[in-house]
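In the numbering used here, the protein residues as written are 1194 to 1656.
Even glycine gets a Cβ: it sits at the ideal position worked out from N, Cα and C.
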């Protein structure tokens, strides 16, 4: 919580009389959501202009607003007028980051950063008041909004940081000034935007470079890029991984019937076991990273293990759902080559009574790697009993699966134009109708594709 005066001061303005007496209980950028007592930030983008909804925000209970165009209907002493509301939000986040003595931890990586963020927040919450990025709020808006949740009672703040270009994470670090950072891995997410895996590593390593020498950098010892990233920081290095080695190790095993998993964690002579209602070997990495970071910050190992027992997966990330007698494995949030192959391997290794089915959508932002990566996914999908693809490029997944041995009669493609949301929705409805009559008890259906497809709608309709 902060005050209206803090918002003015953060942006270099003299606060109006009485502003220090008006509390703000958070930041909101969407006028359609809860606004009571919040600071509304009117964001202007190519797709819309929040300045058109300033009056609506105040009518909805907003305490104040950051605007580029003030509303004449509401008091000027509750509106901070700026040239660029996105930049202003960053300044506000930077200011509020120092509202107390919170330890700020940045989390990035090509895959698994949201899971690791949730794991670290669960672990640290057992030791003290912890705030974390909501959902995957990891961009130029989400980072400062997360920081705005810090107050004098906050002990830990876990801030997820994504990137699509080199230099982006460095900008977020300039706002958040993290005391510690976790780099989950370097993979192929957004590789089409970055241009190469080397550029992805360059971007992720910006988090390590931002940590001061008295800080902590947590690296994945199983990732080949970690050694080069290690040389880019003077901070203390701690390690995690699923292999045996220095730092924290974790071993994953799935419970029968896709009921959840068991993760055994080791740190020197200390050990613990965590069971959660989620699946995926990525949980072992996320838990190990959380423990490595928490211990380095001085939190007791057993306390961290207890906290991890309360972990719940973020929505649409290897989320196990029931659909009558069948199971839906909802991993529909996003997709790239690494995460697609990973999800398929989890399905391949699962002990199930019925058929193994996957609904796979296009992978976006791959650039020159579009064809090779889609066909590589198809080569990993030949074990399926049924493959359904949706979109445009995903047709190549089916073609490669057939070349790798999958019977073509078990492959079905639903053509959709990603520029036309109506065609996507029609395909999702058609696939749902297919499952209404074809899904059997014991079947497991994996749903996965880039977020632009919105395949979570299929998972929601089936469960």
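Who does residue i pair with in a DSSP beta bridge?
| i | result |
| --- | --- |
| residue 1520 | 1515 and 1637 |
| residue 1432 | 1412 |
| residue 1238 | 1241 |
| residue 1446 | 1455 |
| residue 1607 | 1583 |
| residue 1216 | 1196 |
| residue 1221 | 1233 |
| residue 1460 | 1441 and 1463 |
Decide if residue i is buried, meaning its Cβ has at least 16 other Cβ atoms within 10 Å, or exposed.
| i | result |
| --- | --- |
| residue 1506 | buried |
| residue 1436 | exposed |
| residue 1337 | buried |
| residue 1350 | buried |
| residue 1342 | buried |
| residue 1357 | exposed |
| residue 1599 | buried |
| residue 1346 | exposed |
| residue 1635 | exposed |
| residue 1577 | buried |
| residue 1371 | buried |
Between the beta-carbon of residue i and the beta-carbon of residue j, is there less than 8 Å?
| i | j | result |
| --- | --- | --- |
| residue 1445 | residue 1458 | no |
| residue 1485 | residue 1432 | yes |
| residue 1375 | residue 1309 | yes |
| residue 1258 | residue 1275 | no |
| residue 1492 | residue 1317 | yes |
| residue 1529 | residue 1380 | yes |
| residue 1464 | residue 1441 | no |
| residue 1296 | residue 1373 | yes |
| residue 1334 | residue 1368 | no |
| residue 1233 | residue 1292 | no |
| residue 1638 | residue 1537 | no |
| residue 1646 | residue 1583 | yes |
| residue 1250 | residue 1224 | yes |
| residue 1286 | residue 1354 | no |
Within a Cβ cutoff of 7 Å, which residues of the same chain sit near residue i, ignoring the five residues on either side of it in sequence?
| i | result |
| --- | --- |
| residue 1244 | 1235, 1237, 1260, 1261 and 1262 |
| residue 1430 | 1410, 1412 and 1423 |
| residue 1504 | 1311, 1312, 1315 and 1469 |
| residue 1472 | 1447, 1451, 1453, 1454, 1511, 1513 and 1539 |
CB-CB under 6 Å to residue i, same chain, minus the five flanking residues each way: which ones, in chain order?
| i | result |
| --- | --- |
| residue 1219 | 1231 |
| residue 1610 | 1616 |
| residue 1603 | 1579 |
| residue 1264 | 1247 and 1248 |
| residue 1654 | 1625 |
| residue 1500 | 1315, 1316, 1318 and 1319 |
| residue 1652 | 1521, 1523, 1525 and 1640 |
From what residue to what residue does the alpha helix (DSSP H) around residue i run?
| i | result |
| --- | --- |
| residue 1572 | 1563-1572 |
| residue 1494 | 1494-1501 |
| residue 1463 | Counting along the chain, residue 1463 falls outside any alpha helix (DSSP H), though it belongs to the beta strand (DSSP E) covering 1463-1469. |
| residue 1627 | 1614-1631 |
| residue 1534 | 1530-1542 |
| residue 1197 | 1197-1203 |
| residue 1483 | 1475-1489 |
| residue 1392 | 1390-1403 |
| residue 1420 | 1419-1423 |
| residue 1247 | 1247-1252 |
| residue 1343 | Careful: residue 1343 lies outside any alpha helix (DSSP H) and carries neither H nor E. |
| residue 1526 | Neither: residue 1526 is in no alpha helix (DSSP H) and is coded neither H nor E. |
Which residue marks the beginning of the beta strand (DSSP E) containing residue i, and which one marks its end?
| i | result |
| --- | --- |
| residue 1366 | First-last for residue 1366: 1361-1369, but that is the alpha helix (DSSP H), not the beta strand (DSSP E). |
| residue 1549 | 1549-1554 |
| residue 1299 | 1296-1301 |
| residue 1349 | 1349-1353 |
| residue 1325 | 1323-1325 |
| residue 1375 | 1373-1376 |
| residue 1258 | 1257-1260 |
| residue 1275 | Taken as a continuous stretch (DSSP letters only), residue 1275 belongs to no beta strand (DSSP E), as it is neither H nor E. |
Sorted by chain position, which residues of the same chain lie with C-beta nearer than 8 Å to residue i's C-beta, five sequence neighbours on each side aside?
| i | result |
| --- | --- |
| residue 1360 | 1396 and 1399 |
| residue 1273 | 1200, 1201, 1204, 1206, 1257, 1258, 1259, 1260 and 1281 |
| residue 1438 | 1414 and 1432 |
Just to confirm, does residue i get its C-beta within under 7 Å of one of the non-hydrogen atoms of the ligand HEM?
| i | result |
| --- | --- |
| residue 1365 | The ligand HEM is not part of this structure, which contains no ligands at all. |
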